[in-house]
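Per the UniProt record's numbering, residue 1 is the first one in the sequence shown, and the count goes up by one each step. What follows is a short report on a single structure.
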Amino acid sequence: MSNGRRPRGRPRTCWRDYVSRLAWERLGILPEELEEDGWMDGWMDGWMDGWMDGWMVAQDNFNRCVYPDVHSCPVLTPSFLSFQPGVQIHYVELGDGPPLCLCHGFPESWFTWRYQIPALAAAGFRVLALDMKGYGDSTAPPDIEEYGQEEICKVGLERKKSIKWVTLIGHDWGGAFVWNMAQFYPERVRAVASLNTPLFPVDPNADPMERLRALPIFDYQLYFQEPGVAEAELEEDLRRTFKIMFRGHRDMVRNLCPVCVDFIAGGLLVGLPEDIPRSSILSESALQVYVEQYEKSGFRGPLNWYRNVRRNWQLDVHSWELHMPALMVTAGKDIVLLPIFTKGMEDLIPKLTRGHIEECSHWTQMDRCAMAVLGLLVTSSGVFHNIPVQVPKLHSFNDSQLSEVFN
Numbered sequence: 001m002s003n004g005r006r007p008r009g010r011p012r013t014c015w016r017d018y019v020s021r022l023a024w025e026r027l028g029i030l031p032e033e034l035e036e037d038g039w040m041d042g043w044m045d046g047w048m049d050g051w052m053d054g055w056m057v058a059q060d061n062f063n064r065c066v067y068p069d070v071h072s073c074p075v076l077t078p079s080f081l082s083f084q085p086g087v088q089i090h091y092v093e094l095g096d097g098p099p100l101c102l103c104h105g106f107p108e109s110w111f112t113w114r115y116q117i118p119a120l121a122a123a124g125f126r127v128l129a130l131d132m133k134g135y136g137d138s139t140a141p142p143d144i145e146e147y148g149q150e151e152i153c154k155v156g157l158e159r160k161k162s163i164k165w166v167t168l169i170g171h172d173w174g175g176a177f178v179w180n181m182a183q184f185y186p187e188r189v190r191a192v193a194s195l196n197t198p199l200f201p202v203d204p205n206a207d208p209m210e211r212l213r214a215l216p217i218f219d220y221q222l223y224f225q226e227p228g229v230a231e232a233e234l235e236e237d238l239r240r241t242f243k244i245m246f247r248g249h250r251d252m253v254r255n256l257c258p259v260c261v262d263f264i265a266g267g268l269l270v271g272l273p274e275d276i277p278r279s280s281i282l283s284e285s286a287l288q289v290y291v292e293q294y295e296k297s298g299f300r301g302p303l304n305w306y307r308n309v310r311r312n313w314q315l316d317v318h319s320w321e322l323h324m325p326a327l328m329v330t331a332g333k334d335i336v337l338l339p340i341f342t343k344g345m346e347d348l349i350p351k352l353t354r355g356h357i358e359e360c361s362h363w364t365q366m367d368r369c370a371m372a373v374l375g376l377l378v379t380s381s382g383v384f385h386n387i388p389v390q391v392p393k394l395h396s397f398n399d400s401q402l403s404e405v406f407n
């Protein structure tokens, strides 16, 4: 009879190893090919470094060996789409097959999908990862009204005129965008998936700013309303800004909650450490990419997305049912977009499929293994049903399996 203890000398199975091997099976990669490609060496090197160089070094080494690096993909295609004079949307493209569009949130860029791009392309999709309007190498108009959801969705529709149907996946503000695209242009959206961001019900009789004020968890959005104020603070030290913002579920610093704004102190990051260590989900090279991108674009465009509260509310009061396949993925450790906010979404989305990762922060694409997110996206039969992806099927995750894997 087992006493419940792990036998001495038996190595604990790494959740990354478990999830990744399932994903490699999904992608049709044999175990011996993993050995040939250096996956196992990466696993061993990364975790052995933990005993010698510290876990931060081990994490970076592990990520370099195991996760696909989009910058090393020779077929990754950067492109621009011009849809009106002086305005371009930048995106990167990889793969062939049914088109799948990845839409990031704040304060990110196309690079936030760096783990999912090669994985989804390998799964048989034509992946297009956008720099959303105002971000990265995309055009950033100065006018606030350019960032209302109606204007943003017009860009999305224009961009996809050459594509009959598209599957949309969004995170954070990108999640709000994909829900709106699915509502306004259902004939163009084959399926839709959102990480963290629910389709919020809209009360036509409630003032949207008053609703924000009633929820302290959204105080940061009130702070973002005055043009120039948040820009100055967030751009003062970009490295510090991103090290504070991008925290994984396992390394949230005590009292480090940049969404709880101290209006008396006068800032989002006031009172937080000046020199804070990087989170384990953010490598030094990734941090540098974000810094370089925001040195070019600044925060004005990204923050303008928040400055259209009433304009977006007037648009959203006309919400109606979505009948295409849809996936909602919630994260148990997201301190802003709480899973409870998704309650009742089935009233508007009858074909909704749900996925949940309990041990996961707001930064789902970075915090969790790329293949875990891929598993939830690609194996959600309700979302990708009848999409002709020529790869074998991976076992679907349920809540108990996810809990076992990630704990």
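Glycine included, each C-beta is placed from N, C-alpha and C at the ideal position.
6 Å Cβ shell around residue i - same chain, five flanking residues per side excluded
i: Y306; result: Q221 and F224
i: V96; result: Before going further, note that residue 96 is Asp rather than Val in the sequence given. Once the five neighbours on either side are set aside, the close Cβ partners of D96 are R126.
i: I169; result: L102 and A193
i: P107; result: P302
i: F80; result: Q88 and H90
i: S82; result: Q88
i: D137; result: H90 and D131
i: P78; result: V92
i: T167; result: L100, R190 and A191
i: W179; result: L199
i: Q293; result: S109 and G136
C-beta contact flag for residue i and residue j at 9 Å
i: V92; j: W110; result: yes
i: E336; j: H362; result: Note that residue 336 is Val in the sequence shown here, rather than Glu. Yes; because the gap between Cβ atoms is below 9 Å, this pair is in contact.
i: L102; j: I117; result: yes
i: M181; j: R190; result: no
i: Y135; j: S297; result: yes
i: S285; j: F246; result: no
i: T364; j: L195; result: yes
i: H104; j: G148; result: no
i: F200; j: M132; result: no
i: L348; j: E295; result: no
i: L272; j: I244; result: yes
i: D275; j: R300; result: no
i: E150; j: L315; result: yes
i: D203; j: R211; result: yes
Sequence-distant residues of its chain with Cβ nearer than 7 Å to residue i (five each side left out)
i: P208; result: V309, R310 and W313
i: T342; result: P198, M328 and T330
i: L352; result: A326, M328, M345 and E346
i: V289; result: F111
i: A251; result: Looking at the sequence itself, residue 251 is Asp, so the reference to Ala does not match. Excluding sequence neighbours, D251 sits near S279 and S280.
i: P11; result: Caution is warranted here: a pLDDT of 40 is assigned to P11, below 50, making its placement in the model unreliable, and the coordinate value is therefore given only provisionally. Cβ neighbours of P11 beyond the five flanking positions: none.
i: I152; result: K133 and F177
i: R354; result: M328
Outcome for residue i when other beta-carbon atoms lying within 10 angstroms are tallied against a minimum of 16
i: L234; result: buried
i: Q205; result: Gln is not the amino acid found at residue 205; the sequence shown has Asn there. When all chains shown are included, N205 counts as exposed.
i: D334; result: buried
i: Q183; result: buried
i: G248; result: buried
i: I340; result: exposed
i: residue 408; result: This structure gives no information on residue 408, because the portion of the chain shown stretches from 1 to 407.
i: R213; result: exposed
i: residue 411; result: Only positions 1 to 407 of the chain appear in this structure, which leaves residue 411 out of reach.
i: G266; result: exposed
Anticipated Cβ contact below 8 Å, residue i with residue j, distance rounded
i: A119; j: L94; result: The pair is not a contact, with the Cβ atoms about 10 Å apart (cut-off 8 Å).
i: I281; j: D367; result: 5 Å
i: E321; j: P350; result: 7 Å
Cutoff 8 Å; reference residue i; Cβ partners in own chain excluding five residues on either side
i: L269; result: E233, L234, R240, T241, I244 and P258
i: K164; result: R188
i: A140; result: K133, G134, S297, G298, R300 and G301
i: V291; result: L238, R239 and F242
i: A230; result: Y223, F224, L268, F299 and L303
i: L215; result: none
i: M324; result: A182, P186, V189, R190, A191, V192 and K351
i: K154; result: none
In chain order, what are the residue ranges of uninterrupted beta strand (DSSP E) at least 3 long that sit wholly in the segment 340 to 371? The qualifying runs are 352 to 357.
Every unbroken alpha helix (DSSP H) inside the segment 111 to 177 [4 residues or more]: For the segment 111 to 177, the full-length alpha helix (DSSP H) segments reaching 4 residues or more read 116 to 122 and 149 to 159 along the chain.
Just to confirm the assignment: which complete beta strand (DSSP E) runs, minimum length 3, are found wholly within the segment 203 to 289? Runs found: none.
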